[in-house]
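Each remark here refers to the structure printed beneath this line.
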Amino acid sequence: MRTHINLFSIKRLSIFSILWFGLPVLLFCQNPDSSEGIISQWIKPDWASAGQIRKEIWSTASMNGCRLLLEKSEQGLLRAVLTTPEGAIAARTDISGWKSGEWHFVSVSWKKFSTEASGCLVLWIDKVAKDGPVVPYEFTISNDIRTKTESLPRFRGGNSFLGGNAPFFTSGPFKLYGVVGQVYRDYFRTAPYEAVKIDLESTRVPSDRLAVAGFGKQLGLQAMLNNRWEPVTENVVRYSQWAYFDAKPYIKWSISDSEVALVDSTGRIKALKPGKCSVIAEFHGMTATYPLSVISPGKPDAGVICISLSPRYRSDDVKNRPAAGELVTADLRYGNFGTTDLPAGMKIRFQLLTESTGNYRPDPEDKPVKTYDFVTDKTLQPGEESSFKVQFTFPGESAWMKLELDPGNRIDEFCEANNSITELTDARPIQFGFRPKDLQSGIKEKKINHIGSLSYYDWLRAEKLRMDVMLREAVWPTTGPNGVEEAYRIDTYTKLAGGNWDQEPYQEEANWYDGGFPVNEEVNIMSIDCAIIHEFGHTILSQPDLYGYPVKASNVFVKDDDGKPVAGTSLMPVVSGKETMPASGGINVPGYVGYPSLMDGCQLWLHPSQAGHVMYYKGYRPDRFWGTQGRLIPGRANWLIIKDINDKPLRDAAVYVYSVSQAPVQDSGEKYFANRPKFTGQTDEEGRFVFPGVTDSLWDDPETDEVDGSVEVWNPFGTKVRETAFTPNVWSVEGLLLIRIVSGDRSEYHFMDLTQFNTEFLLGHTVLGAYLVQTSLHQGDQPTYIKRDVIPEPIRRINKR
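Start counting the sequence shown at 30; every next residue gets the next number (this note's numbering).
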């Protein structure tokens with residue numbers, strides 16, 4: 030089957046029609062000549078009939094010499110190819126791992142820039158940009174994607190390769206995070222979901238099943254695709270823009286009894302009075318129902334706070350944790366966070382359990398080996414805290430510590446979801462800083478959180494629990510043979526005094542903990558705050574910011590062979606604003622377009638590149654964690670595998686690698702690329718460019734690699750040396766590369782993030798980082814030789830010194 034779509038140079042899409050008679054689909058778009066747009070389609074492969082053959086999925090009609098094609102190639106690649114009178118560009122990805130009968134959402138987006146005949150073509154699979162320069166999130170122009178509600182027909186017969194929707198065309202211009210938001214919304218709007226269900230734990234941390242009269246409650250929705258449940262809503266704030274374009278606009282919420290409760294368009298409940306009703310969510314023609322019980326607010330709430338272990342050891346001490354056989358004391362902290370007194374006589378249980386499976390989550394197989402039971406002997410007023418102390422011998426093997434309040438559930442409480450916590454004995458201790466007024470406001474001002482309690486401790490713990498979810502569900506499955514050999518527990522909550530930071534109790538106590546976070550700002554306690562989880566990456570996991578931000582054209586000093594700047598030309602076009610260029614491939618993770626994984630997105634899972642970075646060290650703690658592994662490319666055996674437009678090895682091409690500098694060095698700062706390649710070389714017969722093990726001593730001072738730029742080096746930017754660490758070997762922050770590839774008389778530039786090497790390494794490749802670069806270049810008739818610039822005298826003088 031072949032589908033033709035007239036689309037090029039469309040300035041505005043006012044109407045389109047789908048002609049459907051069981052025949053090939055023809056989409057007519059008004060006002061032809063589009064400078065930007067997206068064509069999307071749900072497809073379900075039938076590999077038994079497709080095999081290792083080329084299969085054209087759809088193509089556009091040719092207009093003014095322009096044609097867009099989507100095909101499956103013989104090599105098991107899905108390829109989008111845009112042909113213009115000036116040449117061709119391609120975007121592709123490997124789909125050989127697709128399973129027959131499973132749905133995938135395929136989008137092809139393009140944008141024509143104002144510079145000559147340049148443009149970009151991006152191929153998206155299941156919301157992830159797999160190939161092509163991604164237009165950054167600053168690209169915001171007008172089109173309200175919330176209003177799209179049309180449904181699309183299914184293919185019927187005539188196609189042994191695909192089943193699914195007809196391709197549908199979305200024209201620009203776009204807003205709300207540009208093309209990324211559009212791809213996400215089109216995904217949720219058109220997905221062939223099989224079932225839906227209401228999600229009680231919409232933030233993926235424990236949440237109470239009941240609602241409380243006079244208070245709110247946040248619900249979410251999950252839908253089944255390919256026999257798997259996936260969240261289609263997200264309730265988070267800051268640094269997680271997935272939530273900005275999830276499925277909320279397409280869900281219709283209602284409630285059976287408006288006298289008991291109300292529900293808004295986002296699934297937020299407002300409970301009115303005690304009683305029972307049904308919450309209904311309609312999505313994709315399917316209905317999910319949840320029987321909601323609303324209880325009276327006049328109840329106590331026994332809530333756990335934390336388990337504090339002593340003795341404590343400095344985080345920079347060799348003996349930095351209790352040893353096996355050592356007598357330790359657990360301070361079991363709890364409180365009453367309800368609206369009435371918590372009477373004496375409540376039972377408290379503390380257990381040590383085996384960690385039998387080693388998967389960093391409590392399992393039924395984890396059996397108690399020691400149990401301590403207590404009964405409280407005093408009444409706690411709302412907001413009052415108390416504790417019990419337990420002594421036990423520190424186990425030689427990792428074990429669970431479980432603190433449970435009211436284990437028989439005999440007390441009628443405001444919230445039941447905060448009655449227990451389970452922590453590992455050998456988990457690294459962290460501390461949270463909090464403002465006393467925030468803790469008090471939960472009770473005094475009746476501020477309920479997404480857990481369903483009035484305890485600010487619960488909300489703080491939920492931020493850490495969400496990080497645990499990401500570590501468990503993303504990192505664990507792809508680590509080495511020992512799994513994630515690290516865990517964290519909240520050992521204490523420290524009041525912030527609000528004075529000089531060096532005199533803050535939180536700061537004075539910092540040496541005893543493996544990080545944490547002082548929350549001294551206004552927050553939304555009905556949502557997970559991903560900005561805080563991002564800071565965990567620094568303060569707990571020692572992860573540097575891995576920015577894939579776009580670079581300003583004015584900060585790129587790279588020149589072509591004629592000595593002219595390339596930034597802002599068709600080779601490195603500006604994609605938004607006055608001078609912003611495309612972002613690196615490191616941003617191609619679901620849900621965000623800023624920088625990857627934990628260090629920004631904090632969405633439903635971590636990028637696989639983080640797998641295996643969590644290591645267990647019994648020695649000096651600052652040496653232990655994630656982001657510092659493999660920061661210096663010269664110290665690793667890394668390859669670029671470069672392919673031509675036909676997916677064949679690009680042989681004998683010239684390669685120039687420029688490494689980023691920034692100012693100021695201690696923060697994200699500005700990103701600079703000087704006209705000074707760090708590495709140069711040619712590809713071999715297999716299209717490989719091998720990073721040299723050492724840098725060119727005439728161009729670089731190798732000593733600066735190990736000291737983060739503290740050794741003076743030549744500074745081409747005119748600022749003070751201490752403010753600009755021009756040390757391109759140093760990956761102190763983002764490790765962003767700019768790669769120029771030359772074949773014959775044509776060049777291409779690619780941004781690349783260092784984490785992409787880590788991805789390849791940690792997913793099992795034998796070389797420590799083999800990264801595929803897919804170009805639109807053709808094989809040259811003869812080898813393309815390296816052209817070396819004259820070394821400036823300031824560089825020569827510094828390096829001789």
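Even glycine gets a Cβ: it sits at the ideal position worked out from N, Cα and C.
For Pro611 and Gly161, the rounded distance between their alpha carbons: The residue labelled residue 161 in the question sits at position 132 within the sequence shown. The residue labelled residue 611 in the question sits at position 582 within the sequence shown. Cα-Cα distance, rounded: 9 Å.
Residue environment, Leu409, which counts as buried when at least 16 other CB atoms sit within 10 Å: Residue mapping note: residue 409 aligns to position 380 of the sequence shown, counting from 1. Buried, because 16 or more other Cβ atoms sit within 10 Å of the Cβ of Leu409.
Inter-stretch contact (C-beta, 8 Å, three-pair minimum) for the segment 247-255 and the segment 544-551: no
Cβ-heavy atom distance, Asp345 to the ligand ATP, below 6 Å: Within the structure as shown, the ligand ATP is missing, as the structure has no ligands at all.
Segment contact, 8 Å Cβ cut-off, at least three pairs: the segment 432-451 with the segment 473-493: yes
Distance CB(Thr454)-CB(Pro424) smaller than 7 Å: Within the sequence shown, the letter at position 425 stands for residue 454. Within the sequence shown, the letter at position 395 stands for residue 424. Yes; because the gap between Cβ atoms is below 7 Å, this pair is in contact.
Per-residue DSSP class, three states only, for Val736: Residue 736 sits at position 707 when you count from the first residue of the sequence shown. With a pLDDT of only 31 at Val736, under the threshold of 50, the placement of this residue in the model should not be trusted; the figure read from the coordinates follows. Residue state, collapsed to three classes: coil.
Own chain partners of Lys348 with C-beta closer than 7 Å, once the 5 adjacent residues on each side are dropped: For the purposes of this step, residue 348 is identified with residue 319 of the sequence shown, where counting begins at 1. Cβ neighbours of Lys348 beyond the five flanking positions: Tyr342.
Anticipated Cβ contact below 8 Å, Pro329 with Thr369, distance rounded: Here residue 329 corresponds to residue number 300 of the sequence shown, with the count starting at 1. Here residue 369 corresponds to residue number 340 of the sequence shown, with the count starting at 1. Yes, they are in contact, since the Cβ atoms of Pro329 and Thr369 sit about 5 Å apart, within 8 Å.
Cβ separation of Glu288 and Lys302, assumed to be a contact under 8 Å, to the nearest whole Å: Counted from its first residue, the sequence shown places residue 288 at position 259. Counted from its first residue, the sequence shown places residue 302 at position 273. Yes, they are in contact, since the Cβ atoms of Glu288 and Lys302 sit about 7 Å apart, within 8 Å.
Cβ separation of Thr813 and Ala682, assumed to be a contact under 8 Å, to the nearest whole Å: Position 784 of the sequence shown, counted from the start, is the residue given in the question as residue 813. Position 653 of the sequence shown, counted from the start, is the residue given in the question as residue 682. Contact between Thr813 and Ala682 holds: their C-beta atoms lie close to 5 Å from each other, under 8 Å.
7 Å Cβ shell around Trp2 - same chain, five flanking residues per side excluded: Residue 2 lies beyond the stretch modelled for the chain, which goes from 30 to 830, so this question has no answer here.
Nearest neighbour of Tyr687, chosen from Asp441, Leu356, Asn584 and Ser427 [CA to CA]: Here the question's residue 687 lines up with position 658 in the sequence shown. Tyr687 has its Cα closest to that of Asn584, out of Asp441, Leu356, Asn584 and Ser427.
Supposed close pair Val261, Leu250 - CB separation, criterion 8 Å: In the sequence shown, the residue the question calls residue 261 occupies position 232. In the sequence shown, the residue the question calls residue 250 occupies position 221. Right, their Cβ atoms sit about 5 Å apart.
Length of the line joining the Cα atoms of Val135 and Thr122: Taking the sequence shown and counting its residues from 1, one reaches residue 135 at position 106. Taking the sequence shown and counting its residues from 1, one reaches residue 122 at position 93. Cα to Cα, the separation comes out at about 11 Å.
Candidates Val266, Asp543 and Val333: closest to Asp346 by CA position: Residue mapping note: residue 346 aligns to position 317 of the sequence shown, counting from 1. It is Asp543.
Other residues of its chain near Asn553: CB distance less than 7 Å, five sequence neighbours each side excluded: Residue numbering aside, residue 553 sits at position 524 when the sequence shown is read from its first letter. Correct list, in chain order: Val266.
Pairwise C-alpha distance: Leu239 and Phe443: Here residue 443 corresponds to residue number 414 of the sequence shown, with the count starting at 1. Here residue 239 corresponds to residue number 210 of the sequence shown, with the count starting at 1. Whole-angstrom Cα-Cα distance: 9 Å.
Identity of the residue in Arg717, Ile519 and Asp286 nearest Tyr319 by Cα: The residue given as residue 319 occupies position 290 in the sequence shown. Closest option to Tyr319, Cα to Cα, is Asp286.
Proximity below 7 Å, CB of Ile600 to CB of Val802: Stepping through the sequence shown from its first residue, residue 600 is reached at position 571. Stepping through the sequence shown from its first residue, residue 802 is reached at position 773. Per the sequence presented here, residue 600 reads as Leu, with Ile not at that position. In terms of Cβ geometry, Leu600 and Val802 do not form a close pair [threshold 7 Å].
CB-CB length for Ala300 against Ala242, believed under 8 Å: Along the sequence shown, read from residue 1 onward, the residue named residue 300 stands at position 271. Along the sequence shown, read from residue 1 onward, the residue named residue 242 stands at position 213. The Cβ separation is near 5 Å, so the contact holds.
Helix, strand or coil at Arg183 according to DSSP, with G and I counted as helix: Against the sequence shown, residue 183 aligns to sequence position 154. Only weak support is given to the placement of Arg183: the predicted model assigns it a pLDDT of 31, under 50, and the value that follows is read from those uncertain coordinates. Of the three classes helix, strand and coil, the one that applies to Arg183 here is strand, per DSSP.
Backbone CA spacing between Leu494 and Tyr800 [nearest angstrom]: Your numbering for residue 494 matches position 465 in the sequence shown. Your numbering for residue 800 matches position 771 in the sequence shown. Near 33 Å, if we compare the C-alpha coordinates of Tyr800 and Leu494.
Residues that DSSP places opposite His133 in a beta bridge: Along the sequence shown, one-based indexing puts residue 133 at 104. Per DSSP, the beta-bridge partners of His133 are Ile72.
Beta strand (DSSP E) segment containing Lys376, residue limits: Here residue 376 is taken as the residue at index 347 of the sequence shown, counted from 1. Segment Lys376 to Thr383, the beta strand (DSSP E) holding Lys376.
Whether Phe217 touches Ala310 by CB criterion (7 Å): As a working note, residue 217 is residue 188 in the sequence shown. As a working note, residue 310 is residue 281 in the sequence shown. Not a contact, by the Cβ cut-off of 7 Å.
Collapsed DSSP secondary structure at His563 in the structure displayed: Counting from one through the sequence shown, the residue named residue 563 turns up at place 534. The DSSP-derived three-state label of His563 is helix.
Inter-residue CB distance, Ser556 and Asn264 (contact presumed, cutoff 8 Å): In the sequence shown, counting from the first residue as 1, residue 556 sits at position 527. In the sequence shown, counting from the first residue as 1, residue 264 sits at position 235. So it is a contact: roughly 5 Å between Cβ atoms.
Straight-line Cα distance separating Gln70 from Arg185: To locate residue 185, count along the sequence shown from 1; it is residue 156. To locate residue 70, count along the sequence shown from 1; it is residue 41. Reliability of the predicted coordinates at Arg185 is poor, the pLDDT of 28 falling under 50, and the value obtained from them is presented with this limitation in mind. C-alpha separation (whole angstroms): 15 Å.
Residue environment, Arg817, which counts as buried when at least 16 other CB atoms sit within 10 Å: Here residue 817 refers to the residue found at position 788 when the sequence shown is read from its first residue. With fewer than 16 other Cβ atoms within 10 Å, it is exposed.
Where Val819 falls: helix, strand or coil (DSSP): What you label residue 819 is simply residue 790 of the sequence shown in a count that begins at 1. Val819 falls in the coil class under three-state DSSP.
DSSP three-state assignment for Tyr542, whether helix, strand or coil: One-based indexing of the sequence shown puts residue 542 at position 513. DSSP places Tyr542 in coil when its eight states are reduced to three.
Contacts around Glu735, its chain only, beta-carbon distance under 7 Å, and the 5 residues preceding and following it disregarded: Within the sequence shown, the letter at position 706 stands for residue 735. Any answer about Glu735 is weak, because its pLDDT of 33 lies below 50 and its placement is not dependable; what the coordinates show is given next. Nothing listed; no residue qualifies.
Nearest-angstrom Cβ-Cβ length linking Val137 and Ile82, presumed shorter than 8 Å: In the sequence shown, residue 137 corresponds to position 108, counting from 1. In the sequence shown, residue 82 corresponds to position 53, counting from 1. The pair is not a contact, with the Cβ atoms about 21 Å apart (cut-off 8 Å).
Distance between Tyr363 and Glu538 (C-alpha atoms, nearest Å): Here residue 538 is taken as the residue at index 509 of the sequence shown, counted from 1. Here residue 363 is taken as the residue at index 334 of the sequence shown, counted from 1. If you take the alpha carbons of Glu538 and Tyr363, they lie about 22 Å apart.
Cutoff 6 Å; reference Pro757; Cβ partners in own chain excluding five residues on either side: Here residue 757 corresponds to residue number 728 of the sequence shown, with the count starting at 1. Residue placement at Pro757 is poorly supported in this model, since its pLDDT is 38, which falls under 50; the coordinates still yield a value, given next. Once the five neighbours on either side are set aside, the close Cβ partners of Pro757 are Ser688 and Lys707.
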